[in-house]
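Residue numbers (this note's numbering): 344 to 656. To start, the structure under review is shown below, and the notes come after it.
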Ligand code: BDR
Ligand code: CA
C-alpha cells in the first residue's frame, strides 16, 4: 500500500470538511504533514477556525494547521457565503475550537516542507483557491521540481462554471495563482465540476452517514443537510456535490476515477471568462498536456469508501 505524504491546502467549507475527515480517517494511506488554510469560501479568519473545528470533531487536535494567505495574489477576495452559509460550515452547532493554530505562515510551511522532505515524495492536495501554492511556487521556484504531484479540486470543461457562467469558484478567485500552477510543470490531477457534479450527497447517502451515529457521522450529515439546499435549488439535482472529497478519494482509490491527459490553460485577462479552465479535451491544439482532467467517477464506490472510512473516526 502506498502511504502518501500530503499537505492539504483548504478553505473549509462543508465539502472541504468532509475531505479533511476522509483524510484523517485514512492514516494507513495518508501521512498528513499539515493543513494550510487559505481565504476562499469565507475569509481566512473563518477558514482557519473551521479547520480547527473539523480536526477536533475528528478527535485529532494534534493536527498541524497553519494560516496562509488572506487574499488572492493580485485581486480582491471573492467569497461564497451564499453557498456555504455565514460561517462557511453552516449546518451543525459550531463551537469555538480550543486547539491552537500552529505557528508560522502556511506558505513558509509549504516551502520548508518541500525543501526538507525527499524530492518527489510530497503530494499537494488543494481544495480551495490556489493562492498559497502559487505564492510558494513564485517565491521558491526550487520547490516546484520537488513536488510529487498536485491533486486539485478546480475548474470545469463540460459543466463550464458555477461562480460565473464560465468559471469554477476555486480558479476564479485566484486565476493568477492557478496560471502559475498549471504552467509549473508539476504533475497535476484535476477534479473539475464535470466529475464532482456526479458525486451527489443524496438523502439515502447522507442518511447512511447519519446512521453511523457517531459525532463525525452526525456532524457530517448536518453539514450536508445544509450544503445540499443551494445546488438542489440551482441545478434541480438530488443532493449537494461533494467536490473536495474527490481529491482525497483519488489518493485512496484512484480506480474510482477516469479522465484524459490534456492541456489546460487559465484565462486571466477577459472580464467575461476570467478564471475559465480552457481544457483541450478534444486535442484540437498542439499544446502539451499538463494535467489529468478527470471526467468519470464510480459515485456509489465513492460513497461506500467515504462511509466506511468515516466509521473509523
Ligand atoms: C469549490 O468551491 C467551493 O465552494 C467548494 O468548497 C469547492 O472547493 C467548488 O466550486
Ligand atoms: Ca473548497
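For every residue, glycine included, the Cβ atom is placed at its ideal position computed from N, Cα and C.
- Relative to ligand 1, even the nearest heavy atom lies 8 Å or more away from the CB of residue 365.
- Of the candidates 589, 547, 478, 478 places its Cα closest to the Cα of residue 521.
- In this structure, residue 358 has its CB closer than 8 Å to one or more heavy atoms of ligand 1.
- Taking a C-beta distance under 9 Å as the contact criterion, residue 636 and residue 435 do not qualify as a contact pair.
- Note on residue 456: 16 or more other CB atoms within 10 angstroms of its CB, so buried under the neighbour-count rule.
- Relative to the Cα of residue 464, the nearest Cα in the group 418, 504, 531, 490 belongs to 490.
- Shown here, residue 587 sits in coil according to DSSP, grouped into three states, outside any helix or strand.
- In this structure, DSSP gives residue 608 an extended state, which the three-state scheme calls strand.
- In this chain, residue 470 is not harboured by any alpha helix (DSSP H), its DSSP state being neither H nor E.
- The criterion of a C-beta distance shorter than 9 Å is not satisfied by residue 517 and residue 389.
- Distance from the C-beta of residue 483 to the nearest heavy atom of ligand 1 is not below 8 Å.
- Pairing residue 633 with residue 498 gives a Cβ-Cβ distance that is not under 9 Å.
- In terms of Cβ geometry, residue 440 and residue 382 do not form a close pair [threshold 9 Å].
- Per DSSP, the beta-bridge partners of residue 634 are 605.
- Distance from the CA atom of residue 579 to the CA atom of residue 394, rounded to whole angstroms, is 30 Å.
- CA-CA distance, residue 406 to residue 570, rounds to 25 Å.
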